[in-house]
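*Asks:*
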Amino acid sequence: MTYNQLISKVSVARDISKSRAKELIDELFLTLEKELEEGKGVSIPGLGTFRTKIREERRVFSPHHETYIMVPPKRVVDFTPSSGLKDNLKFAESDDE
Amino acid sequence: MSDKITFKELVEKISAKTEQSEQSTNDFIHELAEIIEASLGAGEKISIAGFGKFELRWMNERKGRNPQTGDEITIPGQNKVVFKPYKALRQGVNKPFENLESQIIGDEPENRQAESDSPLDSNAASSISKAGATSQPVSQTETTVEDLIIERESPVKSGSRILLNKLAVKAPTSDKRPADADDDLTSVFDQNLSRQENIAREVQQNRNIRWSYTAAAVIVMLSIFLLVFIWNQPEPPREQNVSSIAEQPGITQVDDTQETERTNQRIEDNEQVQNTGNDNAVPPSMEESETITNSDGDLISHTVSAGESLWTIAQTQYSNPYLWPLIYKANQIDLDSPNLLSTGNDLKIPALDNPEKLTQSEREKVALGYISVYDWILNNQPENARYFLWAAGSFSQEVLRDASENVNEADLAFATKG
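Taken in order, these protein sequences are the chains called A and B.
Going by our numbering, the first sequence opens with residue 975, and the numbers climb by one from there.
Going by our numbering, the second sequence opens with residue 674, and the numbers climb by one from there.
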């Protein structure tokens, strides 16, 4: 589902204009992004929890240099689906392959 | 590790921004979650511009252990909801570490790399490395391995291993992808490749930066060398002047007269007077031999490096940090503040024969140093000045007495009392 499809679905479900729906969705995810950039986590009921975590530095083999390189630590987004969402979809047919 | 904001706070923030009631924001988010769930259930991916995408990924049946009993169990295949952040979000979240770059660390034994694999991944990683045995470069990269794990779509349930096989084998010659390759796989490829390119570029930059660092270091060292050279040239004659002046009896008399009228004496002169006034303590012949045999002996040149203070320099030069005012005194003209040295500056460091056992004149010099520090401190942090006066007194009571006319009475009381 593309972003536009999501917007139109929300606008139908909430009975609001598409531009308003876009505004709301944008605001939600913009806020999420801001919080995540500050290293804060947010739980959204029915969807899951967004958090940040630090991925430690590690050594990897670089095929380009044909030698090992040290990849620096990184802060990454960690998403844990809420248990409801997880269980509901556990055995759903995913027929996109 | 991270703090969390509550859902309520989130709702409040969004309500304020979008000018609607919290109730309706709440409803909107729940509605959105339901739409996403329904869409995921239908096997779709949900892409949110500038943020990321949600998708279902099929996890194959695998063996596991019951952590309580240790029994081996079979975990049935199931779907997993996966969120993949887009680049903007990834970069934003990684802000604190964005300046870190990869470093080349040379060859490492294969097994060490295997150890560094996180235990979570090891299961999948081993299956892939088995699959990619024919195309080593790809399967050896941990990033690739991880990407494959992370980016794998929820594939046809039975065929995931085969797909991965294909993936691993094809990776090196990605240009000649067969047309029937799945679009998702293509994107996986491209991302893999671009990430590898990124790493390569990073390392390249790293190299360039190192080059420029080396060049800069060489230039700095050259300029320091030049400075030292220029500095040293006029030095010896000046020193000899001083010592010769000190030995001329006529001048000594002049100094002596100065000694009697100390009221508006400059600190510079002070030192000279001290030199000449203590000729009894240090025989002239000895002083002469000192200046001649090592013209650097009286004043050692020292280039300030980063992180040094007068205290640490005194520590290294005299192994007694409390003698630092001696250095300050010798460089007073060049230094704005005893607390502030600029890196690369050359300091003149008066030589001491035996820092552990100071002669009378040396003690007085240190005391004079403390007095001049006191003068500076008095102008800048008057409340601390008395300690330096006290220190001056502890080195030489005479100097303290001489200086007593120009100091704060309360400070003097403190210095003489203790």
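Think of the CB as a built atom: it goes at the ideal place given N, C-alpha and C, for glycine as much as any other residue.
All values derive from a computational prediction rather than experimental measurement.
1. Could you pull the DSSP bridge partners for E1012 (chain A) from this structure?
2. Taking S1017 (chain A) as the query, report the chain B residues whose CB atoms sit under 8 Å from its CB, ordered along the chain.
3. Taking S1067 (chain B) as part of the beta strand (DSSP E), name the residues at either end of that continuous run.
4. Taking the Cβ atom as the reference point for each residue, do I1018 (chain A) and I702 (chain B) lie within a distance shorter than 8 Å?
5. Out of A:K1064, A:K1027, A:L1059, which one is the CA nearest neighbour of F770 (chain B)?
6. At a CB-CB cut-off below 9 Å, which residues of chain B make contact with K992 (chain A)?
7. Using CA atoms only, rank isn't needed, just tell me which of B:K1030, B:K1002, B:I1050, B:N1012 is closest to A1040 (chain B).
8. Can you check DSSP and say which residues form a bridge with F898 (chain B)?
9. Identify the continuous beta strand (DSSP E) that holds L705 (chain B) and give its terminal residues.
10. Once the 5 residues before and after T1089 (chain B) are set aside, which same chain residues still bring their CB inside 8 Å of it?
11. Is there contact here, the stretch 984-999 of chain A with the stretch 1009-1025 of chain A, by at least three beta-carbon pairs under 8 Å?
12. Quick one: give me the first and last residue of the alpha helix (DSSP H) that S982 (chain A) is part of.
13. Using DSSP with H/G/I as helix, E/B as strand and the rest coil, what is E774 (chain B)?
14. Is G1022 (chain A) helix, strand or coil when you go by DSSP?
15. Which one of A:P1047, A:G1022, A:F1065, A:T976 has the shortest CA to CA distance from T1054 (chain A)?
16. Are N752 (chain B) and R730 (chain B) close, meaning C-beta to C-beta below 8 Å?
17. Check I903 (chain B) in the structure and name its three-state DSSP category.
18. What are the start and end residues of the beta strand (DSSP E) that includes P1055 (chain A)?
19. How long is the line joining the alpha carbons of P1047 (chain A) and R1032 (chain A), rounded to whole angstroms?
20. Would a check of beta-carbon distances place L705 (chain B) closer than 8 Å to chain A?
21. Indicate the three-state DSSP secondary structure (helix, strand or coil) for N1079 (chain B) in the structure shown.
*Replies:* In brief:
1. Within the first sequence, the letter at position 38 stands for residue 1012 (chain A). Listed as beta-bridge partners of E1012 (chain A) by DSSP are no residues whatsoever.
2. Residue 1017 (chain A) sits at position 43 when you count from the first residue of the first sequence. Result: K677, T679, F680.
3. Taking the first residue of the second sequence as 1, we reach residue 1067 (chain B) at position 394. Careful: S1067 (chain B) lies outside any beta strand (DSSP E), inside the alpha helix (DSSP H) at 1058-1068.
4. On the first sequence, position 44 is the one that residue 1018 (chain A) refers to. On the second sequence, position 29 is the one that residue 702 (chain B) refers to. Their beta carbons are under 8 Å apart, which means I1018 (chain A) touches I702 (chain B) by this criterion.
5. Residue numbering aside, residue 770 (chain B) sits at position 97 when the second sequence is read from its first letter. Measuring from the Cα of F770 (chain B), the nearest candidate turns out to be A:K1027.
6. Within the first sequence, numbered from 1, the residue matching residue 992 (chain A) stands at position 18. Residues of chain B passing the Cβ test: none, with the nearest at roughly 14 Å.
7. By 1-based counting over the second sequence, the position of residue 1040 (chain B) is 367. Residue B:K1002 is the option with its Cα nearest to A1040 (chain B).
8. Locating residue 898 (chain B) in the second sequence gives position 225, counting from the first residue. The partner list for F898 (chain B) (beta bridge, DSSP) is empty, contrary to what the question assumes.
9. Walking along the second sequence from the start, residue 705 (chain B) turns up at place 32. Run containing L705 (chain B): none in the beta strand (DSSP E); it sits in the alpha helix (DSSP H), 695-714.
10. Along the second sequence, one-based indexing puts residue 1089 (chain B) at 416. G1066, L1073.
11. no
12. Residue 982 (chain A) sits at position 8 when you count from the first residue of the first sequence. Residues 977-988.
13. As a position in the second sequence, residue 774 (chain B) is number 101, starting the count at 1. Note: E774 (chain B) maps to coil in three-state DSSP.
14. To locate residue 1022 (chain A), count along the first sequence from 1; it is residue 48. In this structure, G1022 (chain A) counts as strand in the three-state DSSP scheme.
15. Looking up residue 1054 (chain A) in the first sequence gives position 80. Considering only alpha carbons, the answer is A:G1022.
16. As a first step, residue 752 (chain B) is located in the second sequence; it is residue number 79 there, counting from the start. As a first step, residue 730 (chain B) is located in the second sequence; it is residue number 57 there, counting from the start. The answer is yes: Cβ separation under 8 Å.
17. Here residue 903 (chain B) refers to the residue found at position 230 when the second sequence is read from its first residue. It is helical.
18. The count along the first sequence starts at 1 and reaches residue 1055 (chain A) at position 81. Counting along the chain, the beta strand (DSSP E) containing P1055 (chain A) begins and ends at 1048-1055.
19. Numbered from 1 along the first sequence, position 73 holds the residue referred to as residue 1047 (chain A). Numbered from 1 along the first sequence, position 58 holds the residue referred to as residue 1032 (chain A). Cα-Cα distance, rounded: 7 Å.
20. For the purposes of this step, residue 705 (chain B) is taken as the residue at position 32 of the second sequence. True, the Cβ-Cβ gap to chain A drops below 8 Å.
21. As a first step, residue 1079 (chain B) is located in the second sequence; it is residue number 406 there, counting from the start. Residue state, collapsed to three classes: helix.
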